[in-house]
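Number of protein chains: 2
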Amino acid sequence: MPRLSKLFLLLLTPLCFAAQADLIVTGRWVVTVDPTRRVIENGAVAVVGDHIAAVGSAAEIQKQWTAKRRIDAGADGIVAPGLINTHTHAPMSLLRGIADDLKLQDWLEKYIFPAEAKHVNPEFVRWGTRLACLEMMLGGTTTYTDMYYFEELIAETTKQAGMRAVLGQTVIGFPVADAKTPAEELIRTENFFKKFKDDPLITPAVAPHAVYTNSDETLQSCRRLANKYNLPLLIHLSETKKENDDLIAKRGMSPTRLLESLGVLDGRTLGAHGVWLDDADMAILKKHNTGLAHCPSSNMKLASGVAQVTKILGMGIAMGLGPDGPAGSNNDFDMFEEMDLAAKLAKVTSGNPQALPATQALEMATILGARALGMEKEIGSLEVGKKADLIVVRSRTPHAQPLFNPVSQLVYAMKSSDVSDVVINGKTVVRNGKSMTLDSNAILNQAALYGAKIAIR
Amino acid sequence: MPRLSKLFLLLLTPLCFAAQADLIVTGRWVVTVDPTRRVIENGAVAVVGDHIAAVGSAAEIQKQWTAKRRIDAGADGIVAPGLINTHTHAPMSLLRGIADDLKLQDWLEKYIFPAEAKHVNPEFVRWGTRLACLEMMLGGTTTYTDMYYFEELIAETTKQAGMRAVLGQTVIGFPVADAKTPAEELIRTENFFKKFKDDPLITPAVAPHAVYTNSDETLQSCRRLANKYNLPLLIHLSETKKENDDLIAKRGMSPTRLLESLGVLDGRTLGAHGVWLDDADMAILKKHNTGLAHCPSSNMKLASGVAQVTKILGMGIAMGLGPDGPAGSNNDFDMFEEMDLAAKLAKVTSGNPQALPATQALEMATILGARALGMEKEIGSLEVGKKADLIVVRSRTPHAQPLFNPVSQLVYAMKSSDVSDVVINGKTVVRNGKSMTLDSNAILNQAALYGAKIAIR
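Listed in order, the protein sequences are those of chains A and B.
In terms of the working numbering, the first sequence has 292 at position 292, counting the first letter as 1, and numbering is strictly consecutive.
In terms of the working numbering, the second sequence has 1035 at position 35, counting the first letter as 1, and numbering is strictly consecutive.
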């Protein structure tokens, strides 16, 4: 029976040669954000260990791969890269909305600084980070970028949550919760780095708060430390007009020009906000390959101004998105809202409805955020070899039907509440809208207790 | 046992004299938006028939009322007035996101008008209205204001959904889906009014599309018809700069001044958008008690500009909020997003973080919307005697904890997905996030079918 055995072999071949994946995720659409911006209808992603092993049509993937686990969102799911938050202050989740609709100085001096002085300690930081990670992961964020205190505790907690993060230990020119001097902060940062170097999820960073809260020497020490270990340096940059004007009056140069003159831009750097950058600043940032974080919610709510995003992106500067802190400047960690706002704000301020289209808003939340962090080879798109950080967003809801274009729908109609599944580093951390790694009940209880405690001032 | 019987009577008294409510809704906070803007901690609302019979502390209400039905959100719920959408085009839900990031003329002429010419018919209008009502009610909107075609079918469908609406039959100077001439539209409108007069949920309205799409005579006929029956007149007003500039070039006056000169503002009127109103226009609108609808999402996305909301509200003009249509100008019907955006947009454009605080954003979505529609005696706040239109919003979610101020939380942190229960005209239409009046599955199936049909052009 030579013909029959040949047929038998032919039938057996796909099974025999099918490779083993740990996870296959199928979706009605796979939005890759790869270099060709491919959107695959009825697509799938195969995951092996912590990385993406294949991306293609569901039919191809099913033929070539078997899987231990599956997430099947083939009927209505959009599979997309995990969202990347490039600027936030996670533990401030416990101060969410503590003081709104105030002038920046009143807000900081009458509410935020006193509340932080009184309440910020290791326990506060741990619970605040848990609450933030829970909200972020349920809403589709897979990587976040932080600037706060006790960053090594934030790292431990984030790692337990299974989330990826770039965590910047704050260096600031006055005594704060975790240190009395910038020198102490720099020691903390170095110890933090040593503890988490080569960690698969945590990237330690050096975070001088801003030019107006640090001496030139401290800024330079931060750069030296960052370059010693190739860490990113995170800094608030030209967020408010006052910050710019004051420095120009005092030193005769913008924050960006000061940083350049000090050599602080010579290495991996991410500047948050960039609202008041001028053309010369942008050219400098481009030259140094500095990344930026656009924070539309925060810049609107605190009336800081509007960053020239279209121009910045047009120059080839990598600008991601960040929700900033939830204690008055947002008040949440919702990357879907930041995408929607970034697109709408660019349109209304330019008078051009074609400015910052949906595709570009999604890029800011994914691949451009990755580039801004210097991590574009690892995250930010669904491509073979990259880390398996992906989300499934469900479209079978009244606000997401009908669906003509998945990218447009993601940016303009869908919500963080539509995220059903989240995979980070190959591990499923959210399944059917529920956290698999964090105890939601315990976190919500603690958050309410902190609220009651902090409210009594 | 005289003392014992006295005690017995005393215990019995509250039960004997307790009045009978049809529904009692208790919440951790009751945000009334009444004239004193009272927020009641551990509060309750008693409903009898279609109206609110009592508002007070939960303890008081429980003492004075018994109830046939209860919604108990005492642990984490905010009870608030139902949200009022003052400008939308409901059936366009079926064209959600059909064409984004385009210039207005391309969007209208290449996509919207052809799609409407081909697809808009009674079935389209019915399914589009169902989809819109489902999304709106699940997201806490209890009253909406529409401008479209076949408005009597929209009325029937909305009534079946159990939703309150002000429905404006469009009058426009070219042939459309439901009529060939403005005269035909006016006849439709009058028939529509006769069919729905004294309806508890539906308020028919006359809706001349805009000054630039109608003759002076048609605009005046609309006013006459509206005043004959005391109907509201709804009209797009100074949405784009082009609309203003063109009229000034042609007629030497702004749209508002033209409407005043024609007598069109002499009666109940609501103008949508009002982006390009100048001081003289505002004074005219104030004099005529004209209401306005602010549409921040739409004005941003279509790059129409930014209405001077703070100034308008400061003059005492009633300006509500509207998501506009979902076919490119938004792309959803989310009043939580409109509140958040209205507040943030006012701050960033004025450079003042105190502009349009949370309280005022909530007012726009409730009592000011009611006033803009001339319905402030019936809806827009939780007050005795008003219609029982209310929502319960749950705060036990990671993005809404801790909670320091319920109004601030509603506007800046909470989402349409946090709405758990919706009562309209005393009837529970959404319970635990599920529609009680509409068949969600059937609607989502139809929406997907329309999507597939419309996409093939």
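By construction, the Cβ of each residue, glycine as well, lies at the ideal position given by its N, Cα and C atoms.
Check: Closest Cβ-Cβ distance between L1277 of chain B and chain A: below 8 Å?
Finding: Along the second sequence, read from residue 1 onward, the residue named residue 1277 of chain B stands at position 277. Taking CB atoms only, L1277 of chain B has no neighbour in chain A less than 8 Å away.
Next item on the list: Output the residue ranges of the alpha helix (DSSP H) runs that lie fully inside the segment 1104-1170 of chain B and measure 4 residues or longer, sorted by chain position.
Entry: 1113-1119, 1122-1138, 1151-1161
Next item on the list: Would you check if the distance between the CB atom of L1095 of chain B and the CB atom of I1112 of chain B is smaller than 8 Å?
Entry: Translated into the one-based positions of the second sequence, residue 1095 of chain B becomes position 95. Translated into the one-based positions of the second sequence, residue 1112 of chain B becomes position 112. Taking 8 Å as the Cβ cut-off, L1095 of chain B and I1112 of chain B qualify as a contacting pair.
Next item on the list: Enumerate in chain order the residues of its own chain whose CB-to-CB distance from P200 of chain A is below 8 Å, with the five nearest sequence positions on each side excluded.
Entry: Residue numbering aside, residue 200 of chain A sits at position 200 when the first sequence is read from its first letter. Result list for P200 of chain A: D50, N425, in chain order.
Margin query: Measuring only the C-alpha atoms, how far is F1193 of chain B from S1093 of chain B?
Written below: Walking along the second sequence from the start, residue 1193 of chain B turns up at place 193. Walking along the second sequence from the start, residue 1093 of chain B turns up at place 93. Answer to the nearest angstrom: the Cα atoms are 24 Å apart.
Next item on the list: Please list the partners that F1124 of chain B has in chain C, where partner means a Cβ-to-Cβ separation under 9 Å.
Entry: You won't find chain C in this structure, because its protein chains are A and B.
Note to self: To be precise: take each residue of the segment 288-319 of chain A, compare its Cβ to all Cβ atoms of chain B, and keep it if any distance is under 9 Å. Which residues remain?
What the structure shows: P296, S297, N299, M300, K301, L302, A303, S304, G305, V306
Checklist line | Contacts of R1223 of chain B in chain A (Cβ-Cβ under 8 Å) | finding: For the purposes of this step, residue 1223 of chain B is identified with residue 223 of the second sequence, where counting begins at 1. Residues of chain A whose Cβ lies closer than 8 Å to the Cβ of R1223 of chain B do not exist; the shortest such Cβ separation is about 32 Å.
Next item on the list: Would you check if the segment 283-301 of chain A and the segment 325-343 of chain A touch, i.e. whether three or more CB-CB distances between them fall below 8 Å?
Entry: yes
Check: Applying a beta-carbon distance threshold of less than 7 Å, which residues of chain A neighbour F1404 of chain B?
Finding: The count along the second sequence starts at 1 and reaches residue 1404 of chain B at position 404. G97, I98, G451, A455, listed in chain order.
Check: Taking C-alpha atoms, which residue in B:S1329, B:D1278, B:K1250, B:L1302 lies nearest to K1311 of chain B?
Finding: As a position in the second sequence, residue 1311 of chain B is number 311, starting the count at 1. The shortest C-alpha separation from K1311 of chain B is found at B:D1278.
Check: What span of residues does the beta strand (DSSP E) with I1078 of chain B cover, start to end?
Finding: On the second sequence, residue 1078 of chain B is found 78 positions in, with the first residue counted as 1. Where I1078 of chain B is concerned, the enclosing beta strand (DSSP E) stretches over 1065-1081.
Next item on the list: Following the continuous beta strand (DSSP E) through Q1020 of chain B, name the residue where it begins and the one where it ends.
Entry: The count along the second sequence starts at 1 and reaches residue 1020 of chain B at position 20. Element bounds for Q1020 of chain B: 1019-1031.
Next item on the list: Identify every run of the beta strand (DSSP E) within the segment 258-301 of chain A, keeping only runs that are complete inside it and at least 3 residues long; order them along the chain.
Entry: With a minimum length of 3 residues, the continuous beta strand (DSSP E) runs that stay inside the segment 258-301 of chain A are 269-273, 291-294.
Notebook entry, point to check: Which residues in the same chain have their Cβ closer than 7 Å to the Cβ of T1359 of chain B, if we skip the five residues on either side of it in sequence?
Noted result: Taking the first residue of the second sequence as 1, we reach residue 1359 of chain B at position 359. Result list for T1359 of chain B: R1037, V1407, in chain order.
Check: By the criterion of Cβ-Cβ separation under 8 Å, what are the contact partners of Y1412 of chain B in chain A?
Finding: Here residue 1412 of chain B is taken as the residue at index 412 of the second sequence, counted from 1. What Y1412 of chain B touches in chain A: G97, D100, K301, N330, N331, D332.
Check: For E470 of chain A, which option in A:A361, A:V264, A:D246 has the closest C-alpha, if you only look at C-alpha atoms?
Finding: Only positions 1 to 457 of chain A appear in the structure, and residue 470 of chain A is not among them; the question remains open.
Item checked: E1103 of chain B at chain A interface by Cβ criterion, 8 Å -> One-based indexing of the second sequence puts residue 1103 of chain B at position 103. According to the sequence provided, residue 1103 of chain B is Lys. The question's Glu does not apply to it. Chain A, which has a Cβ nearer than 8 Å to the Cβ of K1103 of chain B, makes this yes.
Margin query: To the nearest angstrom, how far is the alpha carbon of K63 of chain A from that of N331 of chain A?
Written below: As a first step, residue 63 of chain A must be located in the first sequence, where it is residue number 63. As a first step, residue 331 of chain A must be located in the first sequence, where it is residue number 331. When rounded, the separation of the alpha-carbon atoms in K63 of chain A and N331 of chain A is 46 Å.
Check: Nearest CA to the CA of A1447 of chain B: which residue from B:I1098, B:T1181, B:N1432, B:R1223?
Finding: Position 447 of the second sequence, counted from the first residue, corresponds to residue 1447 of chain B. Of the candidates B:I1098, B:T1181, B:N1432, B:R1223, the residue whose Cα lies closest to the Cα of A1447 of chain B is B:I1098.
Notebook entry, point to check: Between the C-alpha atoms of T1157 of chain B and T1129 of chain B, what's the straight-line distance to the nearest angstrom?
Noted result: Here residue 1157 of chain B refers to the residue found at position 157 of the second sequence. Here residue 1129 of chain B refers to the residue found at position 129 of the second sequence. Each residue's CA atom was taken as its position, placing T1157 of chain B and T1129 of chain B some 7 Å apart.
Next item on the list: List the whole-angstrom C-beta distance separating P1208 of chain B from V1171 of chain B, where the pair is believed to meet the contact cut-off of C-beta under 8 Å.
Entry: In the second sequence, residue 1208 of chain B corresponds to position 208, counting from 1. In the second sequence, residue 1171 of chain B corresponds to position 171, counting from 1. 5 Å between Cβ atoms; contact.
Item checked: Neighbour list for G1263 of chain B in chain A, Cβ cutoff strictly below 7 Å -> For the purposes of this step, residue 1263 of chain B is taken as residue 263 along the second sequence, with counting starting at 1. Per Cβ cutoff of 7 Å: no residues; G1263 of chain B is ~34 Å from chain A at best.
Margin query: Within 8 Å of any Cβ in chain A, is that where the Cβ of M1001 of chain B sits?
Written below: The residue given as residue 1001 of chain B occupies position 1 in the second sequence. With a pLDDT of only 44 at M1001 of chain B, under the threshold of 50, the placement of this residue in the model should not be trusted, and no figure is reported.
Notebook entry, point to check: Helix, strand or coil: which one does DSSP assign to S440 of chain A?
Noted result: For the purposes of this step, residue 440 of chain A is identified with residue 440 of the first sequence, where counting begins at 1. Three-state DSSP puts S440 of chain A in a helix.
Notebook entry, point to check: For a contact meaning CB atoms closer than 9 Å, what does N1352 of chain B contact in chain A?
Noted result: Numbered from its first residue, the second sequence carries residue 1352 of chain B at position 352. What N1352 of chain B touches in chain A: K103, A303.
Note to self: Measuring straight from C-alpha to C-alpha, what distance separates P323 of chain A and F333 of chain A?
What the structure shows: For the purposes of this step, residue 323 of chain A is taken as residue 323 along the first sequence, with counting starting at 1. For the purposes of this step, residue 333 of chain A is taken as residue 333 along the first sequence, with counting starting at 1. Spanning the two alpha carbons is a distance of roughly 5 Å.
Checklist line | Short-range partners of chain A found in the segment 1106-1136 of chain B, where Cβ spacing is below 7 Å | finding: Of all residues in the segment 1106-1136 of chain B, L1131, L1134, E1135 have a Cβ within less than 7 Å of some Cβ in chain A.
Item checked: chain A contact for P1091 of chain B (CB, 8 Å cutoff) -> Taking the second sequence and counting its residues from 1, the one referred to as residue 1091 of chain B is at position 91. Closer than 8 Å: no.
Notebook entry, point to check: CA-CA distance, I1443 of chain B and C1133 of chain B?
Noted result: Looking up residue 1443 of chain B in the second sequence gives position 443. Looking up residue 1133 of chain B in the second sequence gives position 133. Looking at the two C-alpha atoms, the distance is approximately 10 Å.
Margin query: With a threshold of 8 Å on Cβ separation, who are the neighbours of E191 of chain A within its own chain once the five nearest residues in sequence on each side are excluded?
Written below: Taking the first sequence and counting its residues from 1, the one referred to as residue 191 of chain A is at position 191. As written in the sequence, residue 191 of chain A is Asn, which differs from the Glu given in the question. Excluding positions up to five away in sequence, the list reads E152.
Next item on the list: Please state if the CB of K427 of chain A and the CB of G139 of chain A are separated by a distance shorter than 8 Å.
Entry: Start at 1 with the first residue of the first sequence, and residue 139 of chain A comes out as number 139. Start at 1 with the first residue of the first sequence, and residue 427 of chain A comes out as number 427. Result no, Cβ atoms of G139 of chain A and K427 of chain A do not sit closer than 8 Å.
Item checked: Close beta carbons around S238 of chain A, own chain, < 8 Å, minus the five adjacent residues each side -> Taking the first residue of the first sequence as position 1, residue 238 of chain A is located at position 238. For S238 of chain A, where only same-chain residues beyond five positions count, the Cβ hits under 8 Å are N244, S254, P255, T256, G271, H273, G274, V275, W276, L277, D281.
Next item on the list: Pull up the distance between the alpha-carbon of L225 of chain A and that of L231 of chain A, whole angstroms please.
Entry: Along the first sequence, one-based indexing puts residue 225 of chain A at 225. Along the first sequence, one-based indexing puts residue 231 of chain A at 231. Using only the alpha carbons, I get a separation of about 8 Å.
Note to self: Please state the DSSP three-state secondary structure of V55 of chain A.
What the structure shows: Residue 55 of chain A sits at position 55 when you count from the first residue of the first sequence. Three-state DSSP puts V55 of chain A in a strand.
Next item on the list: Could you check if A400 of chain A is buried or exposed, using at least 16 other CB atoms within 10 Å of its CB as the buried criterion?
Entry: Translated into the one-based positions of the first sequence, residue 400 of chain A becomes position 400. A400 of chain A is buried by the Cβ-count criterion.
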